[in-house]
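Per the UniProt record's numbering, residue 1 is the first one in the sequence shown, and the count goes up by one each step.
Structure first, commentary second.
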Amino acid sequence: MDPRPASPGDRPSPSPPAQATPSPVPEDDDAGASPELPLTMSASVILADLPRDASAALASAGGFPQQKVVVRFKAVGAAPGLAQDLCKISAERKFEEVVRYLRRKLRCGDTDSVFLYVNSAFAPSLDEVVGNLHRCFKNAHDQLVVAYSMTPAFG
Numbered sequence: 001m002d003p004r005p006a007s008p009g010d011r012p013s014p015s016p017p018a019q020a021t022p023s024p025v026p027e028d029d030d031a032g033a034s035p036e037l038p039l040t041m042s043a044s045v046i047l048a049d050l051p052r053d054a055s056a057a058l059a060s061a062g063g064f065p066q067q068k069v070v071v072r073f074k075a076v077g078a079a080p081g082l083a084q085d086l087c088k089i090s091a092e093r094k095f096e097e098v099v100r101y102l103r104r105k106l107r108c109g110d111t112d113s114v115f116l117y118v119n120s121a122f123a124p125s126l127d128e129v130v131g132n133l134h135r136c137f138k139n140a141h142d143q144l145v146v147a148y149s150m151t152p153a154f155g
């Protein structure tokens with residue numbers, strides 16, 4: 001060790017002030033969000049057209065596996081029974097056609113009420129498509145069961 005006193009020149013120079021580290025670039029909160037305008041197929045670089053199996057699936061999505069649906073009518077309460085309780089109707093028809101058919105078979109007047117229920121559970125809307133009802137509510141025998149009554153029966 002050197003016993004001499006330290007001179008001002010011997011003192012280590014103070015280190016330069018630390019540079020302020022640049023702040024990181026703020027991340028955009030919307031980085032994962034989709035753009036404001038949806039991309040069209042022509043603007044997409046990755047997907048120029050749909051795969052063949054997807055196109056086929058989309059083409060058949062609105063169709064029904066059967067052209068005709070079997071409807072089984074069940075009388076409830078004091079409603080008169082039908083001689084023929086099965087009928088076939090086009091899957092694309094609306095439930096209104098089922099109501100019209102049943103009213104004609106029962107010989108109902110214009111002022112007579114008839115209440116129809118699918119699976120004795122609910123009354124579908126008149127504009128419901130019969131094929132959709134069949135797809136969702138058919139029984140084990142591939143039939144759409146429609147209960148009917150002259151007075152409100154199920155709730």
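Idealized CB from N, CA, C, for every residue including glycine.
Nonlocal neighbours in the same chain, by C-beta distance under 8 Å from residue i, ignoring five residues either side
i: ILE89; result: LYS68, VAL69, VAL71, GLU97, VAL98, TYR101 and VAL130
i: GLU92; result: PHE64, VAL129, VAL130 and GLY131
i: ASP127; result: LYS94, PHE95 and GLU96
Buried or exposed by the 16-neighbour rule on C-beta atoms within 10 Å, applied to residue i
i: PHE73; result: buried
i: ALA83; result: exposed
i: ALA79; result: buried
Which listed residue (the options) has its alpha carbon closest to that of residue i
i: VAL76; options: LYS94, ASP127, ASN119 and GLY109; result: ASN119
i: GLY81; options: ASN139, PRO152, TYR148 and HIS134; result: TYR148
i: ASP85; options: THR151, VAL146, PRO152 and MET150; result: VAL146
i: PHE95; options: ASN139, SER113 and HIS134; result: HIS134
Per DSSP, cross-strand counterpart(s) of residue i
i: LYS74; result: ALA147
i: LEU116; result: TYR148
i: LEU86; result: ARG72
i: LYS94; result: VAL129
i: PHE64; result: Note: PHE64 sits in no beta bridge, so no partner.
i: PHE137; result: In DSSP, PHE137 forms no bridge with anything.
i: PHE122; result: VAL118
Contacts around residue i, its chain only, beta-carbon distance under 7 Å, and the 5 residues preceding and following it disregarded
i: PHE137; result: VAL118, ASN119 and LEU144
i: PHE154; result: TYR117, SER120 and ALA121
i: ALA123; result: PHE115, LEU116 and TYR117
i: ARG103; result: VAL114
i: LYS105; result: LEU82
Same chain only: Cβ atoms within 6 Å of residue i, ignoring 5 sequence neighbours per side
i: ALA140; result: none
i: ASP142; result: none
i: PRO152; result: PHE115
i: MET150; result: ALA79
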